[in-house]
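Report on one structure; see the data block that follows.
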Amino acid sequence: MGAYLTPFQALGQQVIRTALDAWQLLRFSLGSIVALARFFSRNGFRASARVTMQQVYFTGLEALPFLSLLSLLLGSTVLVQSLPQLQGVGAGELIGKILVISIVRELGPIITAMVVITRSGTAMAAEMATNRISGQVEALESMGVDVFHYLIAPRVIGAMVAMFCMIVYFDVVALVGGFLVASLQLTMPISVYLAQISDSLQPLDLYISLSKGILFGLVVSLFTCYHGLRARRAPFEVPMVARSGVIQAMFFVFVSSAVLSAGFYWI
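Numbering (our numbering), first residue to last: 9 to 275.
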């Protein structure tokens with residue numbers, strides 16, 4: 009009969025496994041960052057440009073129809089919920105401030121990241137796992153090909169570029185949705201609406217939103233690719249590693265969002 013572990017032993021084993029996983033993820037991230045530095049060399053970019061453009065297309069352009077509807081509904085909903093309260097206290101001039109704080113700073117980047125994780129994150133993890141299980145990763149390594157440069161860097165760059173552009177697009181469409189509600193309920197002219205948005209939108213708001221776009225793209229691509237490459241030889245591991253990558257990517261997106269927002273406000 010096998011020996012049973014005490015609660016402290018089980019906790020210790022879990023701590024050790026977590027520490028080892030964190031160390032492996034750190035090594036993977038450092039290798040990816042080094043590959044990113046080489047990626048922008050002349051020959052490096054030429055060799056991987058097609059894969060990068062494909063990643064941008066799949067992550068960004070193919071998601072635009074759904075993202076458009078989502079952002080339009082969000083901008084409309086935020087204003088529908090806040091207008092009665094603002095009008096009740098005679099603070100209708102705060103419409104722009106509400107939209108900037110809720111959408112540009114926080115909800116726009118977070119929801120865009122969730123769309124990218126569920127669409128592209130799962131696909132990247134499954135693709136990396138399939139490459140590992142089918143032996144393509146080992147074949148590339150045996151030919152002297154840098155896996156980080158050939159497989160990881162194009163997807164990281166593509167995800168970062170796509171996330172950055174998608175957040176800008178999401179914010180613009182959400183503000184259009186807010187204007188539709190403001191014009192219908194308050195008969196607000198577009199010039200007044202744009203003036204409120206312009207007065208409320210500060211450079212710090214843009215820095216926060218766009219910095220989150222770059223950071224979220226990096227987090228999503230690194231976590232999903234890392235977990236995808238952890239698959240071994242069994243096809244049933246593909247959905248398992250995809251799930252692990254998606255869950256950890258979501259968790260660290262929320263953590264990094266909170267840290268980044270707090271960091272900007274404290275500076």
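Here a beta-carbon is modelled for each residue, glycine too, at the ideal position from N, C-alpha and C. Remember, predicted model here, so these are calculated numbers, not experimental data.
Reduced DSSP category for residue i - H, G, I as helix; E, B as strand; rest coil
i: A137; result: helix
i: P243; result: coil
i: S265; result: helix
i: G186; result: helix
i: V153; result: coil
i: S142; result: coil
i: M196; result: coil
i: R113; result: helix
i: G68; result: coil
i: Q210; result: coil
i: T60; result: helix
i: T14; result: coil
i: R238; result: coil
i: M9; result: Residue confidence for M9 is low, a pLDDT of 44 falling below 50, so the modelled location carries little weight; the figure read from the coordinates is stated next. M9: coil per DSSP, three-state reduction.
Between the CA atoms of residue j and residue i - distance to the nearest angstrom
i: G20; j: D29; result: 14 Å
i: M61; j: L77; result: 24 Å
i: A242; j: M248; result: 11 Å
i: Q204; j: V176; result: 19 Å
i: H157; j: D207; result: 44 Å
i: V123; j: S79; result: 11 Å
i: S56; j: G236; result: 20 Å
i: E135; j: V254; result: 13 Å
i: L192; j: L91; result: 12 Å
i: E70; j: Q63; result: 10 Å
i: G116; j: G143; result: 39 Å
i: A270; j: M258; result: 19 Å
i: A161; j: G68; result: 17 Å
i: L214; j: G152; result: 42 Å
i: S264; j: R113; result: 13 Å
i: L202; j: F187; result: 9 Å
i: R163; j: V59; result: 7 Å
i: F272; j: I109; result: 14 Å
i: A250; j: T126; result: 10 Å
i: I141; j: R35; result: 21 Å
i: A27; j: P15; result: 18 Å
i: M282; j: A266; result: No information on residue 282 is available, as it lies outside the stretch 9 to 275 that the chain covers here.
i: V169; j: L230; result: 14 Å
i: Q256; j: L223; result: 15 Å
i: R238; j: Q32; result: 10 Å
Minimum C-alpha distance to residue i - residue among the options
i: N139; options: C233, A270, S264, S265; result: C233
i: I111; options: S128, L183, V155, A190; result: L183
i: D179; options: S252, A266, A121; result: A121
i: V155; options: P15, I41, S264; result: I41
i: S252; options: R113, V228, L194, G221; result: V228
i: Q89; options: V189, F260, G225; result: V189
i: S199; options: I109, T85, G104; result: G104
i: L268; options: R238, G221, I24, L230; result: G221
i: V181; options: V23, P73, F66; result: P73
i: I216; options: A27, I118, R35; result: I118
i: S219; options: R240, V261, T85, Q256; result: V261
i: V145; options: Q210, P211, V23, R240; result: R240
i: F66; options: R238, A167, Q210; result: A167
Nearest-angstrom Cβ-Cβ length linking residue i and residue j, presumed shorter than 8 Å
i: M174; j: L38; result: About 27 Å; that fails the 8 Å criterion.
i: L107; j: L87; result: 7 Å
i: A137; j: E245; result: 6 Å
i: G129; j: M171; result: With a Cβ gap of about 11 Å, G129 and M171 do not count as contacting.
i: G185; j: L82; result: 7 Å
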